[in-house]
Amino acid sequence: MAKVHIPTPLRGLTRNQAEVQASGATVGEVLKDLEKRFPGLGPRLLDGQGAVRRYVNIFHNDEDIRGLQELETPVKASDRLTLLTAMAGG
17 MAKVHIPTPL RGLTRNQAEV QASGATVGEV LKDLEKRFPG LGPRLLDGQG AVRRYVNIFH
77 NDEDIRGLQE LETPVKASDR LTLLTAMAGG
């Protein structure tokens, strides 16, 4: 299972856990597993077409998945995914 770092704004959906584990052979499968385990998390990360939302960044180890194979990026059990959501304010 890969380790997934959850940003503070989404921790209410993961029972206030900063890091969780999820299984899957690709980033997309890991996100689907997260949605199964933590309902409501998926729509915060993916749009209606199943693509990563514009204001969400997902890092596979230290690389943005947009520069890799996006949701098809392979994931190993030793990998770390970091979810980042844009913050706005004034």
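If you're matching positions, the sequence shown starts at 17 in our numbering and goes up one per residue.
For glycine and all other residues, C-beta sits at the position ideal for the given N, C-alpha and C.
- For His21, the number of other beta carbons within 10 angstroms of its own is below 16, and it is reported as exposed.
- Judged by DSSP in its simplified three-state form, Lys92 adopts coil rather than helix or strand.
- Within the segment 21-60, the complete beta strand (DSSP E) runs of at least 3 residues fall at 35-38.
- When Cβ pairs closer than 8 angstroms are counted between the two stretches, the segment 87-106 is seen to touch the segment 62-73, the count reaching three or more.
- In the three-state reduction of the DSSP assignment, Leu99 falls in the strand class, which pools E and B.
- Non-local C-beta neighbours of Thr101 in its own chain, meaning closer than 7 angstroms and more than five positions away in sequence, comprise Pro23, Pro25, Leu26, Tyr71 and Val72, ordered along the chain.
- Rounded to the nearest whole angstrom, the C-alpha separation of Thr42 and Val91 is 5 angstroms.
- Per DSSP, Asn73 is one residue of the beta strand (DSSP E) stretching across Val72 to His76.
- Rounded to the nearest whole angstrom, the C-alpha separation of Val36 and Arg82 is 22 angstroms.
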